[in-house]
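As numbered in the working numbering, residues 1 to 373 make up the sequence shown, in order. C-beta: ideal position from N, C-alpha, C; glycine also. Note that the coordinates shown come from a computational prediction; the quantities given were computed from them, not determined experimentally. Comments concern the structure below.
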Amino acid sequence: MSRRGRRKKEWRLSVWEMDKDLSLEDVVSNLQLDYNLPIDYLKEKNNLNANDKTLQNGWHPSNGEPSFNIKELTISETKIKYIHAIGYYEKADSKDRAIIKSGNGAQDIIIPRHLRVFNRSCEAIFFDLNGKVYTVVEISPSEAARVRSVLFGQGRKENKKEEWKKINYKDVKQFKFDSKFFYWLLSKVGNEFLYNGKKDYNIKLLDVSAVAHATEQEEYDSTSTGTNILGSLPALSGLGSNQSVYEAGFTFKLPKISMTLRMSENSECFINLDNSNIENENGELLSVNHDTVYARVILTIYGILLITLKKSYNSEISDRAWTINDEQLQRKKWGLFVIKELCDENDISLKDIETMFQLQSQSIDKLEKVVLG
């Protein structure tokens, strides 16, 4: 398949906020709980062994390690404590598909376990940020609710594990982004951001790779992807008309890391694996989701990059270095760029534009005369 026709590989990450009273030590204990669940329609089948009528769910230490450990990673002199774990869970087929009715008084046939039970997994990094525990989970949208229910104790009955307390997965304020934030960041292409003011750790915003926006009433939605998005007329038309941005993609250069990622308003990140890499200690370039750098990359994204961007935004807002007027001026620049490009492409002269406004003004005058009688 040609590169143009090949779907981009993306690494999807979601961040959830743990209960305020939960510590990393508590997480270590919770990861060792029993998460196995009975298969409802097989509970009473006494002729089956326990494994055949049970879903085997649970957490395992990452990289084949013997136990769960709180580790510490240092990034630009900042020490971040974390736990890396792999969650395994199983899904059973429906009763109708798992049991073959024999009829005539004969015993029903239960198909072999490997044909009716399916394995799933997820990977998670639990980390402490300013005294609060968060977890970044690699999981698909369709499986997220089940993972919270089965492996994070948020379900009902047998799934409920009070030890996990409550998990916030909808409105994680520390990593929440709104349209105004995206407008600000879109205007910062070519700029550098310093992590905690340290000149030895700078973050360069090189390019915009995606913009998704919608009108206020959401009757129109548009997404632009590629390179140099701020040179794209569809994208700039939406930005120039003050449409609400709910997702945007950027290319960043950090120390030893090059990364292209999309950030959504609900704290999800989608990392483009084709255009992202990290240099390891031996000078080798690795994929950012490689086992040996997995934790470092995630903690860099959520413990350094996003925090730095949000701090810079809040600082400019409080210092009035970025105001409503600045945002309006930026939108005006984008709007004028679109007008100029359309004029060039369609051979529209200044006189054509003046004529259009004159006709519009005349139409308004006629309408006012009709209304006023």
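query: Close beta carbons around I125, own chain, < 6 Å, minus the five adjacent residues each side; result: Y82, H84, V136, A295 and I298
query: Segment limits, alpha helix (DSSP H) that includes G238; result: L233 to G240
query: Limits of the unbroken beta strand (DSSP E) element including V338; result: Element bounds for V338: not the beta strand (DSSP E) but the alpha helix (DSSP H), I324 to N346.
query: Unbroken stretches of the alpha helix (DSSP H), 4 residues or longer, contained in the stretch 127 to 214; result: 141 to 151 and 179 to 186
query: Residue from L55, K180 and G231 whose Cα sits closest to the Cα of K43; result: L55
query: Span separating the alpha-carbon of R3 from that of K9; result: In this prediction, R3 scores a pLDDT of 32, lower than 50, which makes its location untrustworthy; the coordinate-derived value is nonetheless stated afterwards. For R3 and K9, the distance between alpha carbons rounds to 12 Å.
query: Under the three-state DSSP convention, the category V297 falls into; result: helix
query: With 16 other Cβ atoms within 10 Å as the buried cut-off, status of Q243; result: buried
query: E44, enclosing alpha helix (DSSP H) - first and last residue; result: Taken as a continuous stretch (DSSP letters only), E44 belongs to no alpha helix (DSSP H), as it is neither H nor E.
query: Integer-rounded CB distance, given that G249 should sit under 8 Å from L151; result: Not really, about 30 Å apart at Cβ, beyond 8 Å.
query: S209 and N275 closer than 9 Å at C-beta; result: yes
query: DSSP-derived helix/strand/coil call for A106; result: coil
query: Through-space distance from L13 to E138, alpha-carbon basis; result: 5 Å
query: Proximity of K45 and I100 at Cβ, strictly below 9 Å; result: no
query: Other residues of its chain near G5: CB distance less than 8 Å, five sequence neighbours each side excluded; result: In this prediction, G5 has a pLDDT of 40, which is less than 50 and means its spatial position is unreliable; what the coordinates show is noted afterwards. Here the set comprises nothing.
query: M356 burial status per 10 Å Cβ neighbour count (16 or more: buried); result: exposed
query: Residue span of the beta strand (DSSP E) that contains E279, given as start and end; result: N277 to E279
query: Cβ-Cβ distance between K91 and R120 below 9 Å; result: yes
query: Assigned exposure category for V371 - 16 Cβ within 10 Å defines buried; result: exposed
query: Cβ-based neighbour list, T300, same chain, cut-off 7 Å, excluding 5 preceding and 5 following; result: I75, L254 and I257
query: Residues near S224 in its chain [Cβ-Cβ closer than 7 Å; skip 5 each side]; result: A210, V211, S232, P234 and A235
query: Distance CB(S267)-CB(Y246) smaller than 9 Å; result: no
query: Contact the stretch 157 to 171 vs the stretch 11 to 27: 3+ CB pairs below 8 Å; result: yes
query: Identified DSSP bridge partners for G249; result: A210 and R262
query: Presumed contact (8 Å Cβ cut-off) between L305 and F252, rounded CB distance; result: 7 Å
query: Supposed contact pair L22 and K165 - C-beta distance, whole angstroms, cut 8 Å; result: 6 Å
query: Spatial neighbours of R148 in its chain, beta-carbon cut-off 6 Å, leaving aside the 5 residues before and after; result: Q154
query: Where the alpha helix (DSSP H) containing S267 begins and where it ends; result: Note, S267: premise wrong, no alpha helix (DSSP H); not H, not E.
query: Counterpart residues of K81 in DSSP-defined beta bridges; result: E72
query: Reduced DSSP category for N119 - H, G, I as helix; E, B as strand; rest coil; result: strand
query: Sub-9 Å separation of D200 and T227 beta-carbons; result: no
query: Outcome for D128 when other beta-carbon atoms lying within 10 angstroms are tallied against a minimum of 16; result: buried
query: Anticipated Cβ contact below 8 Å, T383 with F193, distance rounded; result: Missing from the structure shown is residue 383; the chain here goes from 1 to 373 and no further.
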